[in-house]
Amino acid sequence: MPPEQILAIDLGTSGMKAALVAADGTVTGWAERAVALHVLPRGGAEQDPVEWWDALAAVVADLGRAHPDHLRAVTTVCSSTQGEGTIAVDAHGEPLTRCISWLDMRGAANLRRQFGGFPSHGGFSVRRIARWLRLTGGMPSVTGKDPAAHMLFVRDELPHVYERTATFLNVLDWINLKLTGRTVATVDSILTSWVTDNRRPGDIRYSPALVADCGIDRDKLPPIVACTEVIGTLSPAAAGHLGLPASVRVVAGAIDNTAAAVGAGTTGDNQPHLYVGTSSWIAAHVPRKKTDVVAQIASVPCAVPDRYLMTALQATAGANLTWLRDKVVEYDDPLLSAGHISRDEGTIFDAFDRIIPTVPPGAGGVLYTPWLYGERAPVDDPNLRAGFVNISLDTTRSELLRAVFEGVALNTRWLARAVDRFLGAPVTSMAITGGGAQSDSWCQIFADVLGVEIRRDARPVAVNVRGAGWIGAVGTGLVSFADLPDLMKSDHVFEPTAAHRAVYDELFDVYRYLHKRLAPVYRRLNR
1 MPPEQILAID
11 LGTSGMKAAL
21 VAADGTVTGW
31 AERAVALHVL
41 PRGGAEQDPV
51 EWWDALAAVV
61 ADLGRAHPDH
71 LRAVTTVCSS
81 TQGEGTIAVD
91 AHGEPLTRCI
101 SWLDMRGAAN
111 LRRQFGGFPS
121 HGGFSVRRIA
131 RWLRLTGGMP
141 SVTGKDPAAH
151 MLFVRDELPH
161 VYERTATFLN
171 VLDWINLKLT
181 GRTVATVDSI
191 LTSWVTDNRR
201 PGDIRYSPAL
211 VADCGIDRDK
221 LPPIVACTEV
231 IGTLSPAAAG
241 HLGLPASVRV
251 VAGAIDNTAA
261 AVGAGTTGDN
271 QPHLYVGTSS
281 WIAAHVPRKK
291 TDVVAQIASV
301 PCAVPDRYLM
311 TALQATAGAN
321 LTWLRDKVVE
331 YDDPLLSAGH
341 ISRDEGTIFD
351 AFDRIIPTVP
361 PGAGGVLYTP
371 WLYGERAPVD
381 DPNLRAGFVN
391 ISLDTTRSEL
401 LRAVFEGVAL
411 NTRWLARAVD
421 RFLGAPVTSM
431 AITGGGAQSD
441 SWCQIFADVL
451 GVEIRRDARP
461 VAVNVRGAGW
471 IGAVGTGLVS
481 FADLPDLMKS
491 DHVFEPTAAH
501 RAVYDELFDV
511 YRYLHKRLAP
521 VYRRLNR
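Okay, so the sequence shown: first residue is 1 according to full-length UniProt numbering, each after it adds one.
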């Protein structure tokens, strides 16, 4: 029989994934199902939780067919999910609406009405901002993309749903409810409800003052547990749905950025990693609660005991490549077909990697700003939009393609400057993980633009399932967080190319200048 296995669930915006993970980080098997994102008027975005649950049964069945012995060795289930989603459930745990996604901005006005006051900043009372920063380390996004805004949207716009709501749950919390029948939130999933006192990392609790001020009834907020807590065993219904024994334990798990920080093996203090997926972030575990209000970076509760996770979030990264592939290239273009061939033959990144090296750094003078859906850090501005600058009659499609890769990296450099200040020392080496790390060309561009060593995760697309697996393994005593850096495997180290430094220094200066000049234009166009 294989060693003890953790069924690691990874529920992202694009789909439900699952894998079988051993305590040493070995990932066996991989199965996934796409799930729909429903984009609605007025900035709405929703997903169907029932579709998630059905997809989970399908991917577990796929794993069982491909790896029956490993599935029989499963003793634990642990999840990593997208964060900042909100599901109103009734007294029986049934969803009353679809999940309000982390992309949903419909509650922004409700948030301003609830938390306004004089004097104010960004529509929020300065007094309230000061209290949020002191107690939580952060504050709600003015975009309305947090559960704090989602819940107020339900209260004000869907009062019939609010009356029937027993509990508001984040995405992770709802999956755990379906797995165990127990209603809980984790220290990281509850964060963006902005109602917790986070000043002691080992004792995250609700703040009576913040709860009283939030506008949501206290009894609609779930109990809080640590990410590594065993919250129960599979309920009979869940065991039947998944085809697993009811004796299988469920560890609470974490939202995606928390899990990725574990899955990247960067569990020591001030060890940063760069995650490049649909969005991207730089994150590192740190010993102290701290907030940079200018750059919108904070250290927040996480899976590692007595530590916080500094997270600097870039709103769109790989989404720019998806947009390029799906909205710009033609239906019969080789780039598009390359993205749909089997993994054995290649991926869309293989197609891009054949083109990028043919274009010199600087993309023929073309710059791209990757703000397809606004930005979160180092500026929190929902009005920013993407664009190409300096296109001429001589510009080729290959130059446009490289400009997109470089634009995301230039934005990451902007973010990395704020990270250096936050950590108190320049970062010289960084792990890279997530789907975008599959591109050799992009990894090298990140090394060149950032001017740091980039160490690539040997299995970057598995980082979240590996993180969920390791959180489950820590929760059940199979490993410790201190063991994980030595268990992590890299397959390549990308060193910055000295000859490209001057090009990217100049481009970065222009990039910052473009933001300064274009931000007022985007405010006018998108208000």
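Think of the CB as a built atom: it goes at the ideal place given N, C-alpha and C, for glycine as much as any other residue.
Model, not experiment: these values are computed from the prediction.
Of the other Cβ atoms in all chains shown, 16 or more fall within 10 Å of the Cβ of Asp10; this residue is therefore buried. Counting along the chain, His67 sits inside no beta strand (DSSP E), nor does DSSP assign it H or E at all. Between Ile471 and Val251, the C-beta spacing is below 8 angstroms. If you draw a straight line from the Cα of Leu415 to the Cα of Val427, it comes to about 12 angstroms. The stretch 284-329 is shown to contain whole alpha helix (DSSP H) runs of 4 or more residues at 318-323, in chain order. Under the three-pair Cβ rule at 8 angstroms, the stretch 299-314 counts as touching the stretch 277-288. Rounded to the nearest angstrom, the Cβ distance from Gln5 to Val27 is 10 angstroms, too far for a contact under 8 angstroms. In the DSSP assignment, the residues bridged to Gly232 are Val250. Counted as a single uninterrupted DSSP element, the alpha helix (DSSP H) harbouring Asp256 occupies residues Asp256 to Gly263. Following the DSSP letters along the chain, one finds Arg33 inside the beta strand (DSSP E) bounded by residues Val27 to Ala34. Close CB contacts of Ala519 within its chain, under the 7 angstroms cut and outside five residues either way in sequence, are with Asp381 and Leu384 (chain order). Residue nearest to Ala317 within the set Ala73, Cys302, Gly436 and Leu133 is Gly436 (criterion: CA-CA distance). By the C-beta criterion, the stretch 363-371 is judged to be in contact with the stretch 385-403, since at least 3 inter-stretch pairs fall below 8 angstroms.
Between Gly374 and Thr143, the C-beta gap is smaller than 8 angstroms, which places the two residues in contact. Within the stretch 439-492, complete beta strand (DSSP E) segments of at least 3 residues are found at 453-457, given in chain order. Take Leu484, set aside five residues on each side of it, and the residues of its chain with a beta-carbon closer than 8 angstroms to its own are Gly25, Val262, Gly265, Thr267 and Trp470, in chain order. Contiguous beta strand (DSSP E) elements confined to the stretch 130-186 occur at 167-169, taking only those with 3 or more residues. Phe115 and Ala458 have their C-alpha atoms some 45 angstroms from each other. Asp104 and His150 do touch by the CB rule: their CB atoms are close to 7 angstroms apart, below 8 angstroms.
Taking the C-beta atoms as reference points, Val293 is found no nearer than 8 angstroms to Asn198. Per DSSP, reduced to three states, the secondary structure at Gln5 is strand. A residue is called buried when at least 16 other Cβ atoms come within 10 angstroms of its Cβ; Ala502 does not meet this threshold and is exposed.
Judged by beta-carbon spacing, Trp53 lies beyond the 8 angstroms limit of Val35, meaning their Cβ atoms are not closer than that value. Under DSSP, Gln47 shares a beta bridge with Cys99. Sixteen is the threshold: when 16 or more other Cβ atoms of the shown chains lie within 10 Å of the Cβ of Gly277, as they do, the residue is buried. For Val211, the secondary structure class from DSSP, reduced to helix, strand or coil, is helix.
Going by DSSP, Ser14 is part of no alpha helix (DSSP H) at all; its letter is neither H nor E.
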